[in-house]
Each structure stands twice: as C-alpha cells, then as structure tokens.
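Here's the structure we're looking at; comments come further down.
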Amino acid sequence: GLNTSRNSSGNIAKSETASEKHDFSQVFPGFFYYLNFHTKKFAILNNVSMMQMLFSLVKDVPKRLYWLRSNDPVPEDLRGWSYHTYPVRPRAYFGLGVSEVAYKYCETFRDLWMRRKEYVRAEVLESSPLYMGKLIHSLMNYAFRDASEIVSRNLGPLESIRRAQELSRKRASELTKSYYRKAMEFYMTMVLSAISTLWIQQSLTNDPLSYISIKTEFVIDGTPVGLSNTLRVDAYHEGGVIIEYKLGNPDPLLTERHSVGLAGYALAIESSLDIPIDYGAIVYISELSRRPSIKVFPVYISSLYRKKCLREAATAISTAPSSRRATEGRGVEAACYNRLWEKTLCRRKGLQG
C-alpha cells in the first residue's frame, strides 16, 4: 500500500519526495491527488474509469443485441465459410482492404486503381484526421498491451506509474513529433485506466488478466472472401465482438459505412476460423487529449450489412480496372477526392478535379 497520512484539511497525503511529485505532475497533473484517495485495489474511479466502462460495454454487446439476432438471423449463405458459393464467393481475388471496400473514399474507385495498378500513395499530412486516427489506434493498442505487462509484473502503485511514465514518453516519441505531449497524455489516461481496471479485477478474482479478454491488432486472413491476407482488426473480444476505434463523434453516414466495414471483418474471420461473428462495437474517441469522451456504438452484423459489403466489393472489383480511362486526359471529378486526406491520390498524379 501507500505510505499515507491525513493533512490539515482531512485529505490523505502521501509521503513522497518533491522531485517525484513535480516530475509526475508535469506529465499528468491530478493523478497524485487521485492516488491520495484510493488504494491500489480500488484505483481510478473518476475520469479514468473510462477503460472499465469500455470493457463493460463491449462485453455486454451480445446481450444488448441478442433480440436482433433472434429476429433476423444470418443465413448460412451469407457466412464467411460459404466463400465457395454465391454470394460470398468473390468475383476476383484482389486482396482488398476493408476500408477500400466499405468506406468508399472515392465514389468511382479511381483511388483503388491508382494504389493497386500505378502504385501511387497519398501523403498523409500530420494535420489530417487520417493521421490522428492512426495515432489513436496505435496508442490504444499500446495501452492495452502495456497495462497487461505492468500488472503481470505485480508492481506497486508508484512503480506502476513510473513504468507507465517511461512507456508514455517512449510510445509518444515513436509515433509522433507534432503531437508528442497530447499523445503522451492520452496514453497515460488509457494505460492507467486499464491498469486500475485490472487491479479491481485482481481484488475480485485474483486473476487480473482474465478481465481483458481482448486481442489487439488481431490479424486475419481474408483471402477466401477476396480480401487482404493480412487484415488487421483493431481489437477482438473473445465473446465474438469485433472492435473498431474511430476518431470523432458518431455520424449516421459514417456509422453506416463503419458497420459495413465490420461486416467485411466478420466475413473474413468466419472464412478463416469457421466461427460465427454476429456483433461489433464501434468505439468513437472524440479527440487526442487527456480527457477524451468515448462512445460505444453496438452493431449487429446483419444480413443487410453483409450484402452491402459484398456488393461494394463486387463493384470495386468490376469498376477499378476501367477507372484508368477516367484518369487520363480529362481530369478527375470531385468525387475522386478523399475527404479524409489533405493530399489525394489524384493530386499526387498531377490531375485536376
């Protein structure tokens, strides 16, 4: 436990050196105040309980959506393991990514042609939402893994915080320069929240790691359904829930496309592992900051989303080869501009829109 005593105001104060307190307060103000009020086993109960909330919401997704599945079950011919028959069987094997199929950054799929046939890559600027989204993805995955590593070492509260500090600087410096401090603060929020959630679980079951039954950066082979052989799911809960992190707040159009993307991952997992995947959770993270808001949008991966995914994949396969003509000589329509990228594939090719 911590060496604590009550000060004149009645609050618990921890015996610590000034250098220790100053060092940590510079990284993440407020956490020593928090540690003064809680023991290791009942750690983060305020804003940093978001990870515990996230785990609980994801775990409850099947319960919340079971009635949808019972009223609208997915037929066998729309499961990924039916990849040898129509409609799951792909028209061609392009090794497409889920984002290329579901998100339709370019309505005409010209971006797909330029990536796959002309090997043009867009420059992702650090000011773009795409860059920030990738950064948040990486920080979330590191937070999960690092929290498990710290708790498995059975470190005390202060040692755990110091280790989290070290890792926050390391992860932030590895991933970004422009947003170093924000990345460090965001990581600290997530990793300390995850650590505290594991401590709570440890106090209840003596098995802290059983609570995080989530695999991060879950790699799956989507070749049987015409997708990439190295699809990366942001996270996968052992209860059969696919988890995708998204930057921003829920938007009806984007949420619809993200749900179609979940169907793509579900088809790939079913084709490779022969297990049914019926549920997904889109985790919307408002911003890269010390106190982001997190909203979990549960999704039943229904026949409708599966059909949309298969239809978009078929359209991409049939349209992309003919998109070359549209990029030669007469410019490119505005629809070809990826609204998430500051510099588009078309601009990199010197085309006009």
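One rule links them: number in this note's numbering = place in the sequence shown (from 1) + 169.
For each residue, glycine too, the CB sits at the ideal point set by N, CA and C.
Since residue i is in the beta strand (DSSP E), which residue starts that stretch and which ends it?
i	result
A404	400–406
T484	First-last for T484: 472–488, but that is the alpha helix (DSSP H), not the beta strand (DSSP E).
I444	Careful: I444 lies outside any beta strand (DSSP E) and carries neither H nor E.
V468	463–469
Counting C-beta neighbours from all protein chains within 10 Å, is the total for residue i 16 or more, i.e. buried, or is it exposed?
i	result
T345	buried
I446	buried
E245	exposed
R475	buried
I444	exposed
L373	exposed
K232	exposed
R322	exposed
S347	exposed
H427	buried
E343	exposed
E292	exposed
Y453	buried
S440	buried
L294	exposed
What would DSSP say about residue i, mapped onto helix, strand or coil?
i	result
V452	strand
P421	helix
L294	coil
F224	helix
L457	coil
T392	helix
V410	strand
V289	coil
L327	helix
V270	helix
K346	coil
E276	coil
So, for residue i: in the same chain, excluding its five sequence neighbours on each side, which residues have a beta-carbon less than 6 Å away from its beta-carbon?
i	result
K477	V429
F387	V402, Y405
V410	V227, V230, Y448, A450
D391	Looking at the sequence itself, residue 391 is Gly, so the reference to Asp does not match. Answer for G391: S397, L400, A437, listed in chain order.
R260	A483, I486
Y349	A341
S307	L344
Need the endpoints of the alpha helix (DSSP H) that residue i sits in, please.
i	result
F355	349–374
Y252	Counting along the chain, Y252 falls outside any alpha helix (DSSP H), and DSSP gives it neither H nor E.
P298	298–321
K232	230–240
Just to confirm my understanding: we take residue i, look at its own chain, exclude 5 residues before and 5 after, and list those with CB closer than 8 Å. What are they?
i	result
L442	I389
N310	T385, E386, D403, A404
F263	R285, G395, A485, I486, A489
R314	T385
V243	P445, D447, I470, S471, S472, R475
S239	none
A435	G249, I411, I446, D447, G449, I470, R475
Going by beta-carbon coordinates alone, are residue i and residue j separated by less than 9 Å?
i	j	result
R351	N418	One detail in the question is off: residue 351 reads as Lys in this sequence, not Arg. No, these two residues do not count as a Cβ contact at 9 Å.
L416	G302	yes
L237	S487	no
A437	L473	no
L247	V257	yes
Y356	L327	no
P461	A450	no
R340	M353	yes
Y252	P393	yes
E413	I383	no
L457	I305	yes
Y469	L234	yes
Beta carbon of residue i: closer than 8 Å to some heavy atom of the ligand SAH?
i	result
F224	The model on display carries no ligand, and the ligand SAH is accordingly not part of it.
Below 7 Å CB to CB, which residues in the same chain sit around residue i once its five sequence neighbours on both sides are set aside?
i	result
V270	G433, C478, E481, A482, A485
M220	M359, S362, A363, T366
T254	D246
L324	R332
Y272	R426, G430
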